[in-house]
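Protein chains in written order, with my numbering: chain A, 102 to 503; chain B, 13 to 167.
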């Protein structure tokens, strides 16, 4: 399996190279592009099994960002799928789930609490959902003034086909009492110091949605440890934090779970906030679905290109809504042109898009903005908030053509 | 340009570039025209990457250190038990924001002597204030997973 992953990345890399070469038109500029990028990085690579060319936001514990230039396949290969851990990964999980001590318990407001082994969970009917998973803090480093937290650039987002039992089937096996209004997930994250455990809950309506899963597979292969092996919640269209990894306990509650990662964590101001202002906890609400957003995957910011055709490309997503259009500006936002949307689509998945234009010479500021089926369009300036969540300003790259 | 800097993309290129070229050829034969040019480009890139790696130094340390200063030792002891320095190195916060972070971390178990609190906040805001240049993170290589990376194992 690791070899397959490695092969996928190689293929992907070849495809990327073709894309980059189309954009730049010839090999020498491409080579110089690679070399100039090599010069901008500060350190040599860090070996992380199964993770290719990812940006290391943290190594201990692991937080890895996908470079935007990898956003050129509809499904993100697992070695290129961003990794967000709040704490250390569980050290005690057996690599052989059939024989492991891993159990998933389902309790709380149920008729009969149950405990499932890996083989028992595997026997439920499997359902697949292609979902774009994005960390609520994606783009945090672009907020001004800066806010604390993992300083994600644009790549704490990826797309995969997740498969596993429907959460509702698992809950119904235990029997949901009418008093059950929220569903809590607890993972096996290893908590350092007195850090509060990573426990969150989602409302029962979302838990019973036919696309909310207890995912056991990603792109057709068992979950890797970085992505929550042996099972994780998959709450499609919602912030990544809703999709708890290394799931070990599901509990139906009468009210929303009370804990750090529900409040003050992962909350958004009810009203617009002046950048830098404090917000009272009672003036916030829990984050749920993602915003409308697009990111330019190529050309990369700062690229030096030869005159000729430039293929601007990227991805756009909108949480629980659908992307209806992506527009590209090549003149810094004065005029906008429709991009062509890729054929691959699924309700909770991003759309790839392209826009070709001819360059003569000089500096170009290229922007992209997406609009979704709810009528939301990316704002031209970021919506600042104290924790830097849901950054979704129109994306921008600058290129030099000579 | 330091040798270290060149290693990042250099070794990545070797990692993929040294894929059996037959495989690359197989994919490229699907291209209607200019297949030879594509192949030549791949070859150039592979050769270039070999040269780059030949000059490269040892890979980056997996974790980093906090900057030197009177509080380096105490800050390392207080903060780095639960997370690595890189989490701090990438922040760019005002003194008020650093104070909030330090107090939160103390609540979460960081051992900070109350007489060291202000000095720790000064140290963090002096080194990681809003006007400092951005932190350049390293990249990963997956050599252990594939077992076939071009990167030499440092032993």
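All C-beta atoms, glycine included, are put in the ideal place defined by N, C-alpha and C.
Comparing alpha-carbon positions, the option among 313/A, 391/A, 265/A and 277/A lying closest to residue 331/A turns out to be 265/A. Contact annotation for residue 132/B against chain A: no contact, minimum CB-CB distance about 15 Å [criterion: below 9 Å].
Closer than 8 Å at the C-beta level to chain B, one finds these residues of the stretch 141–161 of chain A: 141, 142, 143, 144, 145, 146, 147, 148, 149, 150, 151, 152, 153, 154, 155, 156, 157, 158, 159, 160 and 161.
Using a Cβ-Cβ cut-off of 8 Å, residue 295/A is close to 119, 120 and 121 of chain B, given in chain order. Under the three-state reduction of DSSP, residue 147/B is assigned to coil, being neither helix nor strand. Per DSSP, residue 497/A is one residue of the beta strand (DSSP E) stretching across 496–502. Taking a contact as a CB-CB distance under 8 Å, the pair residue 286/A and residue 334/A counts as one, their CB atoms being some 5 Å apart.
Residue range 129–139 is occupied by the alpha helix (DSSP H) that includes residue 139/B. In the three-state scheme derived from DSSP, where H, G and I count as helix and E and B as strand, residue 459/A is classed as strand.
Closest by C-alpha distance to residue 191/A, out of 145/A, 392/A and 290/A, is 290/A.
Close to residue 105/B, with beta-carbon spacing below 7 Å, are these residues of chain A in chain order: 247 and 249. Contact between residue 416/A and residue 395/A holds: their C-beta atoms lie close to 7 Å from each other, under 8 Å. Listed along chain B, the residues sitting closer than 8 Å to residue 165/A by beta-carbon distance are 152.
Its chain contains 104, 105 and 106 as the residues whose beta carbon lies nearer than 8 Å to that of residue 142/B, once the 5 sequence neighbours on both sides are disregarded; these appear in chain order. In this structure, residue 486/A lies near residue 374/A, with their beta-carbon atoms less than 8 Å apart. Where residue 118/B is concerned, the enclosing alpha helix (DSSP H) starts and stops at 107–119.
Residue 91/B has a beta carbon lying at 8 Å or more from every beta carbon in chain A. Put simply, the backbone Cα of residue 124/B is about 7 Å away from that of residue 118/B. Chain A has no Cβ within less than 8 Å of the Cβ of residue 79/B. Counting C-beta pairs with one atom in each stretch, the stretch 232–243 of chain A and the stretch 212–224 of chain A have fewer than three that are closer than 8 Å, which means they do not touch. Residue 285/A has 302/A and 352/A as its beta-bridge partners, per DSSP.
Non-local beta-carbon contacts of residue 97/B in its own chain, meaning distances under 8 Å to residues more than five positions away in sequence, involve 75, 76, 77, 78, 88 and 91 in chain order. Across the stretch 163–192 of chain A, CB contacts with chain B closer than 7 Å involve 165 and 180, in sequence order along the chain. Against chain A, a Cβ distance below 8 Å from residue 98/B picks out 157, 158, 159 and 160.
DSSP places residue 259/A within a strand segment (E or B) once states are collapsed to three.
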